[in-house]
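Visitor: Attaching a single structure in structure tokens format; questions to follow.
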Amino acid sequence: MLGFLKRPVVVTADINLNVVVLTAVGLLSRLWQLAYPRAVVFDEVYYGQYISFYMKRIFFLDGSGPPFGHMLLALGGYLGGFDGNFLWNRIGAEYSSNVPVWSLRLLPALTGALLVPMAYQILLELGFSHCTATGAALLMLIENALITQSRLMLLESVLIFFNLLAVLSYLKFSNSQKQRPFSLSWWFWLTLTGVACSCAVGVKYVGVCTYLLVLAVAGVHAWHLIGDRTLSHVRVLCHLLARAAALLVVPALMYLLFFYVHLILVYRSGPHDQIMSSAFQASLEGGLARITQGQPLEVAYGSQVTLKNVFGKPVPCWLHSHQSTYPMIYENGRGSSHQQQVTCYPFKDVNNWWIVKDPGRHQLVVSNPPRPVRHGDVVQLVHGMTTRFLNTHDVAAPLSPHSQEVSCYVDYNISMPSQNLWRLDIVNRESDTEVWKTILSEVRLVHVNTSAVLKWRMLTVRSDDSEHKYSSSPLDWITLDTSIAYWLHPRTSAQIHLLGNVVIWASASLATLVYALLFLWYLLRRRRSIHDLPEDSWLRWVLAGALCAGGWAVNYLPFFLMEKTLFLYHYLPALTFQILLLPVVLQHISDHLCRPPLLRSLFSGLVVAWYSCACHVFNTLRPLTYGDRSLSPSELKALRWKDSWDILIRKS
Amino acid sequence: MPPAVGRGPAGSELRPRRGRCGPQLTRAVGPDVAAELTARSPKRPARGSRRFEAAGRWALLALVTLLSFATRFHRLDEPPHICWDETHFGKMGSYYINRTFFFDVHPPLGKMLIGLAGYLSGYDGTFLFQKPGDKYEHHNYMGMRGFCAFLGSLLVPFAYLTVLELSKSLPAALLTAALLTFDTGCLTLSQYILLDPILMFFIMAAMLSMVKYNSCADRPFSAPWWFWLSLTGINLAGALGVKFVGLFIILQVGWNTISDLWHLFGDLSLSVVTVGKHLTARILCLIVLPLTLYTATYAVHFMVLNKSGPGDGFFSSAFQARLSGNNLHNASIPEHLAYGSVITVKNLRMAIGYLHSHRHLYPEGVGARQQQVTTYLHKDYNNLWIIKKHNTNADPLDPSFPVEFVRHGDIIRLEHKETSRNLHSHYHEAPLTRKHYQVTGYGINGTGDSNDFWRIEVVNRKFGNRIKVLRSRIRLIHLVTGCVLGSSGKVLPKWGWEQLEVTCTPYLKETLNSIWNVEDHINPKLPNISLDVLQPTFPEILLESHMVMIRGNNGLKPKDNEFTSKPWHWPINYQGLRFSGINDTDFRVYLLGNPVVWWLNLLSIALYLLLGSIMAVAVQRGARLPAEVEGLSQVLLQGGGQLLLGWMLHYFPFFLMGRILYFHHYFPAMLFSSMLTGILWDTLLQLCAWSLASSSLARGIYAVGLLSLLLGTAYSFYLFHPLAYGMVGPLAQDPRSPMAGLRWLESWDF
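In the order they appear, the protein sequences are chains A and B. For the record, in the first sequence the residue sitting at position 458 is 447 according to the working numbering, with numbers rising by one throughout. For the record, in the second sequence the residue sitting at position 69 is 602 according to the working numbering, with numbers rising by one throughout.
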């Protein structure tokens, strides 16, 4: 009972000082002067507006990605007490005093700093030595592009953090698989893998690439597990189910959770409402709900209505008409009816109002009691402002010659009678006598005379953003042939540039190439039963390659297929994986290719020299990374190592 | 006679032996199981009746071929007017007969073969092929249609033989043949002057020869081995030579070859030298041979087409000099540019064209309402510009002035010859590329403002040098805004006549889009030189035409208001293509797969994935399968796997393509899917029969199942055949229509 009294209470703490020191220097490098510059830097102008929306609880949906990353940034604003009052309109604008710059930038900086110890951990879990692992962490520490990107209110470092976390926790999981499956830590790491994957996807959709990679590796491991005949069928099934739950079900649920939380947080109406359906808008506070409050649910004859296109592409818009008429002759020579134009207009406007009229009666007012309009009824639509009837006839539409033109009928007293009867077709009806309901009903208007379906289409303005002053192509990234000017001091020539550490950049690419060649060589030799490597180091070599070289490939190659505007920072997730591979290759060369001790010490010396070189480059580019020091024009010119680097030099 | 059956009786004697030691079975299973496998088939007769069986096989093949030809050639001449894309490919066939140069996004082989077929059948190339619906009248079009139908008919026996080789099961092969014969889609696509039957012919022939060659793997370097290997290579060249989609079958053969070599390499009983020989043989037959043939088709293409035609403007100036009838052919023009010269300016990027302007203004709301400046691919008087000095408006051609050459770095004005407006730019956004400036034609009779001034620069040259026609790569820099004249390559909407946008880009990145050269040059005061020195070499022509084709393919983007077919529509047979006719009085042909066949295919893929993974997991778990099932699972996993790979390779890449897609792009994948269906159902039925031990019952189930599949497809073909053979009368909504009640999906519009 009282056994614990017989022995002293001992707390043994295993503290890996390496990790502690690496974390500390990581934090130092990322957090140093974090609130400087107190001005909007590059894409902060983009993310900032969403943070303000969160602070003000105004609804928005960023078309470019899921909301989790924005939410994390907003968390920083929330903790710093940001009220959301700042106009995010210009890069370089000074922050007003109510913007807690430090806490807004804190989260990306923390995640960026944690990359350093995580790189160390990953290589340890991959089975490499402490020396190699420390090397990887030190490389991560002095990569200028990673520092720049994580010190600002941007999402790349958060994405990279979750990418690496997914890989790290999967490795921890698969290592504990060998010893104690179904233990607590086994479950913890397995679940964390799934959670980290979903977080990565939740920050940016590119996170899917790493998720798929982890899934693929997990799939291969699971396949080996199926082949393990020492395990019983039931046990194999348990293993598979646990993996499916953690790696497929958990991420899916998490992903839904992000959106759920997002919608809870932003409950007020705002400028982005219109991309959602009317029913959704009605649920927002101060949105359509305010307008529709107290408005009748059922549409009756005489009701005034606006008709919104359900499809909502390319932009949601309302059926609209105005005084102008179609031109007599189009530019391509086709004729028109020269009647009043009917268009779809993406903004709320008085010209969007139409009155539902019963063709058999003459009044436009609602009778008492109101007669609801039902599915299948024949109605006329009267444009409120011009009191003309919605009409269509067998004249080709302006842009789609195969469709009929829709107009508002102007009586020119010519032999073209008005054809303005429309049959109401409620698409989502439950019964055939369903009443036309505001917001809820999706209706089609079928023209009675010609049975054409009213299809309205807007003149689309093709937006083309594939070119930007600092946009680049994926091929430029490998050779670092591009840079992005993030910020320039309003008076001095202090500036922040997204620029990588060229030494690391070049040697990482080289290491990937060396890895690929060596891997192919060993593979071919093994096929001929020549085993250069012992089995365990071969397996380590393969797994390291699958995760690091594979991680690079899946985060890089898909960009060749993308048609959106690409920037150098899109390469950073791929680069981190490449950096992890670099020390792996170095250690391999030292262990297996430099057999004589002399050669090995020579190689170590070379590695040290190379690392000091990287440090030197880091130090030289530091003013552009932190933007803390104003450089003279000649110094700036000296830094312009490549013609394609767009370093800003003030003329004065 | 198709190559697959052209081996003579000796080949058929070999077949049973090959069946026993087919590599895919021996490799994985070992000879004992394979031997059991031979015993499993209830149809395998005793030794004495082998001759009889061989005859039966030949008869069956002949029957399948005959049926295929009969369905494809039935009512081939109807309708006697142009259907759908015949307007393109027929026209291109005519171009070969007339030897006029044209440009198309596809490689030349398919159209050359169509042209050849037309030529041999007595078509004289005089029909214009203007638009679908035009009557052929007295022109002989049956030769071209017959050629396509001939190749299309061969698909069925090819599929039959492929499945037979993969599964060693006659019923499976028969089922595949029935599916393809009775598919209205394949039938329709084979009956017209199109590239698809030719493409599918080469794809299937490559697949068949690959499978045959795999079966020869136990006798490497024997005559049949070489024969099938090189035939594979030839067919690959054919497939790629017809359409770039042929790349997918190349990938499939490549994958097969790599895994094959990987096995050989791992076989330690083979010396490295032997493996090296294997490797060399494959490089020779599968890379060198196809490349040579592919290049040869281009050589023929350029040799035949030696007259100037509608495709000239797509190609560089130097290229055009070799076409007779082109104004650059045997031409001689002044060498150096001088003030007063009348010139055409061509963009260096391929398939962009000439700097062009015309008497139409930019529409309201698109920058300033001034005259449009575009690039245009065809030769036209509106491409002519006059070089003038920026500060005087005097006519430099006045004989009293001395000739003054334009030099690198000069400030010039370009006056449009037809409209006398100056090339002009200003701070208005360009119509499509919003970040660039608009380029317009401005001024009256050459008098404009300072926004008409451009600095002419030669890339990589010193200031003060003269500017050479054709050779100098020039940039035009707008003096006031500092931007560079370029073409974005984007197609303007209807108001711009679908010509390409010209902009002035403020980003000074050096791209080919903003580099131009002077092509035509007229200046009576200067002496002319001959252009023959510019003739490009054959590799240059080859490279250039590929660049133009790739750009052309990427340029086939769906327009804004056009209905586009999505890849996911295809396997579910969501919507067809109208080949001919719309209204109820027209003769209507509608390209749509036989829904019974297609939906069966879709179901089979799902079933295959299910069954395949069950079997794979069972094997991985080390389950001891009975020999019977073991053999079936081998066929399913190995043979079926190859077909599944083929289906995926011919289908999934379309999801990544940005260009406009059509329903008929799915048909190569559909061939593979039908073969998979054949193997799958044969295996399934055999498994069912096996699990019910009683042999008479088992055989009964097997026979009934197979017969019902065969008859079901045949009956569905009877129902849907008007789609392919043409229908007149009311549309399908009408109960009097021949298709009444058959419009199973709303989206089918026949």
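Every residue, glycine too, gets a C-beta built ideally from N, C-alpha and C.
Check whether chain A comes within 8 Å of B/G799, counting only Cβ atoms and requiring the distance to be less than that.
Guide: For B/G799, the answer is yes, since a Cβ of chain A falls inside 8 Å of its Cβ.
Visitor: In its own chain, which residues sit with a C-beta less than 6 Å from the C-beta of A/L179, not counting the 5 before and 5 after it?
Guide: The answer, listed in chain order, is F162, A235.
Visitor: Just how far apart, CA to CA, sit B/K576 and B/S748?
Guide: In this predicted model, B/K576 has a pLDDT of only 45, less than 50, meaning its place in the structure is not dependable enough to derive any value.
Visitor: Shortest alpha-carbon distance to A/S326 belongs to which of A/S590, A/Q22, A/L353, A/C397?
Guide: Nearest of A/S590, A/Q22, A/L353, A/C397 to A/S326, Cα basis: A/C397.
Visitor: If you draw a straight line from the C-alpha of A/S139 to the C-alpha of A/T100, how long is it?
Guide: Between A/S139 and A/T100, the C-alpha separation is close to 8 Å.
Visitor: Where does A/E243 fall in DSSP's three states?
Guide: The sequence shown places Met at residue 243 of chain A, rather than the Glu named in the question. Residue state, collapsed to three classes: helix.
Visitor: Quick one: list the residues of chain B neighbouring A/K458, beta-carbon separation under 7 Å, in chain order.
Guide: What A/K458 touches in chain B: Y1040.
Visitor: Which residues, in order along the segment 1150 to 1168 of chain B, keep a beta-carbon less than 8 Å from a beta-carbon of chain A?
Guide: Cβ contacts with chain A: V1150, Q1153, R1154, G1155.
Visitor: Since A/P572 is in the beta strand (DSSP E), which residue starts that stretch and which ends it?
Guide: Premise fails: A/P572 lies in the alpha helix (DSSP H), 561 to 577, not in any beta strand (DSSP E).
Visitor: When the cut-off is 8 Å and only beta carbons count, does A/Y194 lie next to chain B?
Guide: So, not an interface residue.
Visitor: Hey, is B/G1109's beta-carbon within less than 8 Å of any beta-carbon in chain A?
Guide: Not one chain A Cβ lies under 8 Å of B/G1109.
Visitor: Please confirm if A/L550 has its CB atom under 8 Å from at least one CB of chain B.
Guide: Chain B, which has a Cβ nearer than 8 Å to the Cβ of A/L550, makes this yes.
Visitor: If you draw a straight line from the alpha carbon of A/S619 to that of A/V90, how long is it in whole angstroms?
Guide: Distance between the alpha carbons of A/S619 and A/V90 is about 22 Å.
Visitor: Considering only residues of the segment 1011 to 1091 of chain B, which uninterrupted beta strand (DSSP E) runs meet the minimum length of 3 residues and lie entirely inside it, listed in chain order?
Guide: Counting only runs of 3 or more, we get 1017 to 1024, 1033 to 1038, 1049 to 1055, 1061 to 1063.
Visitor: Name the one or two DSSP bridge partners that B/I944 has.
Guide: Paired residues: B/R988.
Visitor: Let's see if you can read the secondary structure: which residues bound the alpha helix (DSSP H) around B/Y1258?
Guide: B/Y1258 -> alpha helix (DSSP H) spans 1228 to 1258.
Visitor: Which of the three DSSP states, helix, strand or coil, is assigned to B/E1285?
Guide: Absent from the structure is residue 1285 of chain B, since the part of chain B shown begins at 534 and ends at 1283.
Visitor: With DSSP collapsed to three states, give me the class of B/Y1199.
Guide: Helix at B/Y1199.
Visitor: Pull up the DSSP beta-bridge partners for B/F938, would you.
Guide: For B/F938, which the question treats as bridged, DSSP gives the partners B/A871.
Visitor: Tell me whether the segment 813 to 827 of chain B and the segment 1207 to 1225 of chain B touch, counting them as touching only if at least three CB pairs, one residue from each stretch, are closer than 8 Å.
Guide: No: fewer than three Cβ pairs fall under 8 Å.
Visitor: So, with DSSP's three-state summary, where would you put A/F57?
Guide: Looking at A/F57 - three-state DSSP - the assignment turns out to be helix.
Visitor: So for B/L801, helix, strand or coil by DSSP?
Guide: B/L801 falls in the coil class under three-state DSSP.
Visitor: Indicate whether at least one CB of chain A lies closer than 8 Å to the CB of B/L1189.
Guide: So, interface residue.
Visitor: For a contact meaning CB atoms closer than 8 Å, what does A/W647 contact in chain B?
Guide: Here chain A covers residues -10 to 641 and nothing more, so residue 647 of chain A does not appear.
Visitor: What are the boundary residues of the alpha helix (DSSP H) that includes B/F760?
Guide: Note, B/F760: alpha helix (DSSP H), 756 to 775.
Visitor: When you compare the CB positions of B/F1187 and B/G844, do they come within less than 8 Å of one another, or not?
Guide: In this structure, B/G844 does not lie closer than 8 Å to B/F1187 by Cβ.
Visitor: Looking at A/Q270: is its Cβ nearer than 8 Å to the Cβ of A/W342?
Guide: It is not a contact, given that the beta carbons lie outside the stated cut-off.
Visitor: Would you call the segment 1234 to 1243 of chain B in contact with the segment 1110 to 1122 of chain B, where contact means no fewer than 3 C-beta pairs closer than 8 Å?
Guide: Contact fails: fewer than three Cβ-Cβ distances are below 8 Å.
Visitor: In angstroms, rounded to a whole number, what distance separates the CA positions of A/F643 and A/V255?
Guide: It is not possible to answer for residue 643 of chain A, since the shown part of chain A is limited to -10 through 641.
Visitor: By the three-class DSSP mapping on this structure, what secondary structure does B/G1109 have?
Guide: In this structure, B/G1109 counts as coil in the three-state DSSP scheme.
Visitor: Where does B/T830 land, buried or exposed, given buried means 16+ other C-beta within 10 angstroms?
Guide: Classification of B/T830: buried, given that the 10 Å Cβ count is 16 or more.
Visitor: Counting only runs of 3+ residues fully inside the segment 483 to 550 of chain A, write out the beta strand (DSSP E) ranges in chain order.
Guide: Taking only runs of at least 3 residues, the beta strand (DSSP E) segments lying wholly in the segment 483 to 550 of chain A are 484 to 487.
Visitor: In chain B, what lies closer than 8 Å to A/G208 by C-beta?
Guide: By Cβ distance, chain B contributes nothing, its closest Cβ being about 12 Å from A/G208, past 8 Å.
Visitor: Given a cut-off of 8 Å on the beta-carbon distance, is the pair A/E33 and A/L135 in contact?
Guide: The answer is no: Cβ separation not under 8 Å.
Visitor: When you compare the segment 470 to 482 of chain A with the segment 578 to 591 of chain A, are there three or more beta-carbon pairs, one atom per stretch, that lie closer than 8 Å?
Guide: Flag = no, the segment 470 to 482 of chain A and the segment 578 to 591 of chain A do not touch.
Visitor: Tell me the DSSP bridge mates of B/G974?
Guide: Note: B/G974 sits in a beta bridge opposite B/Q904, B/L956.
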